[in-house]
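Presented below is the structure to which this report refers.
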Amino acid sequence: MTLMIMIIWLGFGIGGDYPLSATIMSEYANKATRGAFVAAVFAMQGFGILTGGMIAIVVSSAFNAEFPAPPYGLDPRNSTVPEADYVWRIILMFGAVPALVTYYWRMRMPETARYTALVVKNAKKAAADMSKVLQVDPEEAKDEKIQTSRDKKGNEFGLFSKQFGRRHGLHLLGTTSTWFLLDIAFYSQNLFQKDIFTAIGWIPEPKTMNAIEEVYKIGRAQTLIALCSTVPGYWFTVALIDKIGRVKIQFMGFLFMTAFMFALAIPYHHWTITENRIGFVIMYSLTFFFANFGPNTTTFVVPAEIFPARLRSTCHGISAAAGKVGAMVGAFGFLYAANGIGVKKTLIVLSVINLLGMFFTLLIPGSKGKSLEELSREDHENDDDETRTESKHDVSAV
Numbered sequence: 000m001t002l003m004i005m006i007i008w009l010g011f012g013i014g015g016d017y018p019l020s021a022t023i024m025s026e027y028a029n030k031a032t033r034g035a036f037v038a039a040v041f042a043m044q045g046f047g048i049l050t051g052g053m054i055a056i057v058v059s060s061a062f063n064a065e066f067p068a069p070p071y072g073l074d075p076r077n078s079t080v081p082e083a084d085y086v087w088r089i090i091l092m093f094g095a096v097p098a099l100v101t102y103y104w105r106m107r108m109p110e111t112a113r114y115t116a117l118v119v120k121n122a123k124k125a126a127a128d129m130s131k132v133l134q135v136d137p138e139e140a141k142d143e144k145i146q147t148s149r150d151k152k153g154n155e156f157g158l159f160s161k162q163f164g165r166r167h168g169l170h171l172l173g174t175t176s177t178w179f180l181l182d183i184a185f186y187s188q189n190l191f192q193k194d195i196f197t198a199i200g201w202i203p204e205p206k207t208m209n210a211i212e213e214v215y216k217i218g219r220a221q222t223l224i225a226l227c228s229t230v231p232g233y234w235f236t237v238a239l240i241d242k243i244g245r246v247k248i249q250f251m252g253f254l255f256m257t258a259f260m261f262a263l264a265i266p267y268h269h270w271t272i273t274e275n276r277i278g279f280v281i282m283y284s285l286t287f288f289f290a291n292f293g294p295n296t297t298t299f300v301v302p303a304e305i306f307p308a309r310l311r312s313t314c315h316g317i318s319a320a321a322g323k324v325g326a327m328v329g330a331f332g333f334l335y336a337a338n339g340i341g342v343k344k345t346l347i348v349l350s351v352i353n354l355l356g357m358f359f360t361l362l363i364p365g366s367k368g369k370s371l372e373e374l375s376r377e378d379h380e381n382d383d384d385e386t387r388t389e390s391k392h393d394v395s396a397v
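Quick look at the structure:
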């Protein structure tokens, strides 16, 4: 019960940090490199994944050497030694270290200048805050071009207003639906890698290992996947997002995820043969690569750019929340689907989900090379029809 309460509390913190970290970076970056900076914020979790995997390997290896136990198949009762209870606790505790390291600087971080100027209407404080963060003279900060809405009444609409629906309704549908669909597939893959690796024989059957040894072998396999595909995918996005564009990268990512999952699912029996296991791992790794060099990163970036300043964090939070609903569907759905219809048919279902994500990407406007005010249309009064077909132009070359 205590663990569940703490995880819920952790969810509040991470749920707040997702929109805030993306919005803060988006509003401080310039339009030429904004995508790379916001993507780099998200890409740092790749190093967290690697570090977590390495900690799991080291801790489980040390405990397995110090407290040997028989395999589960030989002695189910004694295959989990009492000391194994410390393994997951130590691994989990390490997650608090980055939060403690960054806490002081995060508490001293001011509101973004755009929020202070456009929402609070305090241009003087906005200039002072900008001078602190960018380390420039306050007079220079005053000259920094932050377009205001010039107090137009047409820009004072709320989240549930008709005007928001006309301007950004389809955009919000695009960001929420693509994040939702992505996380169904992405978290299914992440949470049940061990089941897939066991099914193709890449890691031993659980009954042939004790509990701590199983942690070690699963951690090793997942860390290898992260090192070879997940982390490179993040940084490919960072390098290319401001050159290729968000919509094209997201569309391409969903397209290749669909293709590789179909390639794994349709000839599934082929991949279970011993000599084909390496091929399966390579194909499976490529789905992670294109998830991260694709929608897993861009779904984080886009909502921080295309909505008005006063609603930017809210819309990003709504989009992220839709993603976490998708994660829950993926986590529980994959478990029951794999047991009910088998891994092959489950992979086909996930392929179709990725295909849907590709089509919902067409609802998202292109944001490459545009200012936040252009994207949110805070510097226009009557332009409800201006960008309804923007996303079509962005995917025309895909």
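Under numbering that gives the first Met the number 0, the first residue of the sequence shown is numbered 0, with each subsequent residue one higher. Backbone N, C-alpha and C define an ideal beta-carbon position, used for all residues, glycine too. Quantities reported herein were computed from a predicted structural model and do not represent experimental measurements.
Where the alpha helix (DSSP H) through residue i begins and ends
| i | result |
| --- | --- |
| L172 | K161 to L190 |
| F261 | R245 to A264 |
| S366 | Where S366 is concerned, there is no enclosing alpha helix (DSSP H), given that its DSSP letter is neither H nor E. |
| W87 | A83 to F93 |
| M0 | Careful: M0 lies outside any alpha helix (DSSP H) and carries neither H nor E. |
| W270 | Y267 to T271 |
| M208 | Note, M208: premise wrong, no alpha helix (DSSP H); not H, not E. |
| G300 | Note that residue 300 is Val in the sequence shown here, rather than Gly. Its alpha helix (DSSP H) spans residues P294 to V300. |
| F62 | R33 to E65 |
| R276 | R276 to N291 |
| M357 | G341 to F359 |
| S78 | No alpha helix (DSSP H) contains S78, which DSSP labels as neither H nor E. |
| L371 | L371 to S375 |
Pairwise C-alpha distance: residue j and residue i
| i | j | result |
| --- | --- | --- |
| T147 | E373 | With a pLDDT of 47 at T147, under the threshold of 50, the predicted position of this residue should be treated as unreliable, though the coordinate-derived value follows. One C-alpha to the other measures close to 11 Å. |
| D383 | E155 | Confidence at D383 is low in this model, with a pLDDT of 46, below 50, so the placement of that residue should be treated as unreliable; the coordinate-derived value is given next. Distance between the alpha carbons of D383 and E155 is about 14 Å. |
| V301 | G34 | 8 Å |
| F279 | A112 | 49 Å |
| K323 | D182 | 7 Å |
| S60 | A28 | 43 Å |
| A122 | T236 | 34 Å |
| V214 | M24 | 36 Å |
| A98 | I48 | 15 Å |
| P307 | I224 | 38 Å |
| A290 | F359 | 16 Å |
| R105 | N275 | 48 Å |
| H170 | F292 | 21 Å |
| V119 | D194 | 51 Å |
| A21 | E65 | 43 Å |
| R165 | M327 | 31 Å |
| A127 | K30 | 21 Å |
| P203 | M92 | 28 Å |
| V86 | T101 | 25 Å |
| A319 | K367 | 21 Å |
| S375 | I305 | 5 Å |
| G168 | A321 | 15 Å |
| N185 | F287 | The residue you asked about is not Asn; residue 185 is Phe in the sequence shown. In a straight line, the C-alpha of F185 is about 8 Å away from that of F287. |
Residue i classed as buried or exposed, judged by whether at least 16 other C-beta atoms fall within 10 angstroms
| i | result |
| --- | --- |
| S160 | exposed |
| Y103 | exposed |
| K247 | buried |
| D74 | exposed |
| E260 | First, the amino acid is wrong: residue 260 is Met here, not Glu. Under this definition M260 is a buried residue. |
| E403 | The structure shown has nothing for residue 403, since the chain only spans 0 to 397. |
| G329 | buried |
| L180 | buried |
| L9 | exposed |
| E82 | exposed |
| T115 | buried |
| V40 | buried |
| I7 | exposed |
| D241 | buried |
| F11 | exposed |
| P266 | exposed |
| T32 | exposed |
| L371 | buried |
| F331 | exposed |
| A396 | Bear in mind that the predicted position of A396 carries a pLDDT of just 47, short of 50, making it unreliable; the figure below should be weighed with that in mind. It counts as exposed. |
Any C-beta of chain B under 7 Å from that of residue i
| i | result |
| --- | --- |
| G332 | Among the chains of the structure shown, chain B does not appear; only one protein chain is present. |
Residue i Cβ short of 6 Å to the ligand SAM heavy atom set
| i | result |
| --- | --- |
| P70 | In the structure shown, the ligand SAM is absent, as is every other ligand, since no ligand is present at all. |
Would you call the stretch 332 to 345 and the stretch 164 to 176 in contact, with 3 or more CB pairs under 8 Å? no
Does the stretch 283 to 290 come within contact of the stretch 219 to 233, defined as at least 3 CB pairs closer than 8 Å? yes
Using 8 Å as the threshold, is the stretch 10 to 24 in touch with the stretch 307 to 318, meaning 3 or more CB pairs across them? yes
So, does the stretch 327 to 335 touch the stretch 45 to 60, judging by three or more C-beta pairs under 8 Å? no
Segment contact, 8 Å Cβ cut-off, at least three pairs: the stretch 205 to 213 with the stretch 65 to 81: yes
The stretch 211 to 220 contacting the stretch 233 to 252, beta-carbon criterion three pairs below 8 Å: no
Does the stretch 39 to 48 come close enough to the stretch 343 to 356 that 3 or more CB-CB pairs lie under 8 Å? no
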